[in-house]
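These notes are about the structure you will find just below.
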Amino acid sequence: METSSEGLGDGQSLVVVRVTPTSNQFYCYVTFTMNKRASMQLRQEHRGWLQNYQTEIQDKLGIDSFLVQPIQRLTKYPLLLKQLISEFFGIKCKPVLTAICKLETRMRGLLDVVNQAEEIPYIEELPAELSTTNLSYFRRSAEFEAYHYRPRKKFPAKVLLFDNCLLITEVRKKQLVYRHYYEWSALELRINTKKNITLLTKIGESITNGSHEQTKQNGNHLREEYQFVASEALTIAPWLRSARKIIECTRLEISQKGKLSLPMDLVLGAAFSIWLIWHYL
Numbered sequence: 001m002e003t004s005s006e007g008l009g010d011g012q013s014l015v016v017v018r019v020t021p022t023s024n025q026f027y028c029y030v031t032f033t034m035n036k037r038a039s040m041q042l043r044q045e046h047r048g049w050l051q052n053y054q055t056e057i058q059d060k061l062g063i064d065s066f067l068v069q070p071i072q073r074l075t076k077y078p079l080l081l082k083q084l085i086s087e088f089f090g091i092k093c094k095p096v097l098t099a100i101c102k103l104e105t106r107m108r109g110l111l112d113v114v115n116q117a118e119e120i121p122y123i124e125e126l127p128a129e130l131s132t133t134n135l136s137y138f139r140r141s142a143e144f145e146a147y148h149y150r151p152r153k154k155f156p157a158k159v160l161l162f163d164n165c166l167l168i169t170e171v172r173k174k175q176l177v178y179r180h181y182y183e184w185s186a187l188e189l190r191i192n193t194k195k196n197i198t199l200l201t202k203i204g205e206s207i208t209n210g211s212h213e214q215t216k217q218n219g220n221h222l223r224e225e226y227q228f229v230a231s232e233a234l235t236i237a238p239w240l241r242s243a244r245k246i247i248e249c250t251r252l253e254i255s256q257k258g259k260l261s262l263p264m265d266l267v268l269g270a271a272f273s274i275w276l277i278w279h280y281l
């Protein structure tokens, strides 16, 4: 986080706080929301001890306020930024106004993700290996009308994006029921229209090597697994952006596997040593 002063003209200046965004900088809010119900239950079970300790340390607010205040503040940040936008709209300082608008959009996107994360721990029939402790960072979810090709079944679905997988759930009376999950390295998304998407999986090829048989994924052989249809294109636009970003990161990681990567200080040290040997020996 950096603080600087920027001129607005007429002798006015603004102290600007620059937050350098990282992909997981605000993920603590998502984690808090995912565990909110369990936290409330624990606090209720130990209410007596917590109240006694609160009296002992003379805390007037209590643990409930301590835990809830950060998430309550999060909802106020976009409102504050919106007010700042209206204040700066008449001032000729386009870079500041542009930065605030971008931050306001990102904060509203973060709020959406935080709200979507609340139901993740309560997905029914979720395998143990896909528990919230084993799943990686949650990025976004969206609702679709899903069609599963193999059983030829159609159902209302919510598709969740994590860094390590795509998770498909069926919506039953506002409750999510686990259906399938796919690792990003094994799937492709085909965008048919702005609200129609096909999920394809890469089919493994059996390769015989001596007495051993190995299965290797081939990106040229794809099988249709699901078709997702959204009610409106606007509702899934952020979901599509997140999916594309995860796919790009996954492809980059796969391309970097097996490549030799040396620390820069080691490279510079080796180069300097070679230079010394060349000139003085």
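Mapping of the sequence shown onto the UniProt record's numbering: position 225 corresponds to residue 225, and the numbering continues sequentially without gaps.
We put the beta carbon where it would ideally sit given N, CA and C, even for glycine.
Note that the structure is predicted; figures quoted are calculated from it, not measured.
State yes or no: is the beta carbon of residue 139 nearer than 8 Å to at least one beta carbon in chain D?
Within the model displayed, chain D is absent; a lone protein chain is all it includes.
How many angstroms separate the CA atom of residue 274 from the CA atom of residue 257?
So the alpha carbons of these two residues sit roughly 29 Å apart.
If we ignore side chains and look at the alpha-carbon of each, how far apart do residue 87 and residue 46 end up?
When rounded, the distance between both Cα atoms is 47 Å.
Have a look at residue 131 and residue 154 and give me their C-alpha separation to the nearest angstrom.
Answer to the nearest angstrom: the Cα atoms are 26 Å apart.
Just how far apart, CA to CA, sit residue 212 and residue 144?
Confidence is the limiting factor: at residue 212 the pLDDT is only 46, short of 50, which leaves the residue's position unreliable and the question unanswerable from this model.
So if DSSP puts residue 175 in a beta bridge, which residue, or which two residues, is it bridged to?
Per DSSP, 172.
Distance, Cα to Cα, residue 75 vs residue 98?
A straight-line Cα-Cα distance of about 21 Å links residue 75 and residue 98.
DSSP three-state assignment for residue 25, whether helix, strand or coil
Residue 25 carries a coil assignment under DSSP once its states are collapsed to helix, strand and coil.
When the Cα of residue 109 is compared with those of 71, 196, 140, which residue comes out closest?
Relative to residue 109, the option among 71, 196, 140 whose CA is nearest is 140.
Three-state class that DSSP yields for residue 247 in the structure shown:
Of the three classes helix, strand and coil, the one that applies to residue 247 here is helix, per DSSP.
Around the Cβ of residue 179, are there at least 16 other Cβ atoms within 10 angstroms (buried) or fewer (exposed)?
So residue 179 ends up on the buried side.
Got a sec? Which residues, its chain only, sit under 8 Å from residue 111 by beta carbon, not counting five neighbours each side?
These residues qualify, in order along the chain: 74, 75, 78.
Residue 181 versus 25, 26, 168, 233, residue with shortest Cα-Cα distance:
Nearest C-alpha to residue 181: 168.
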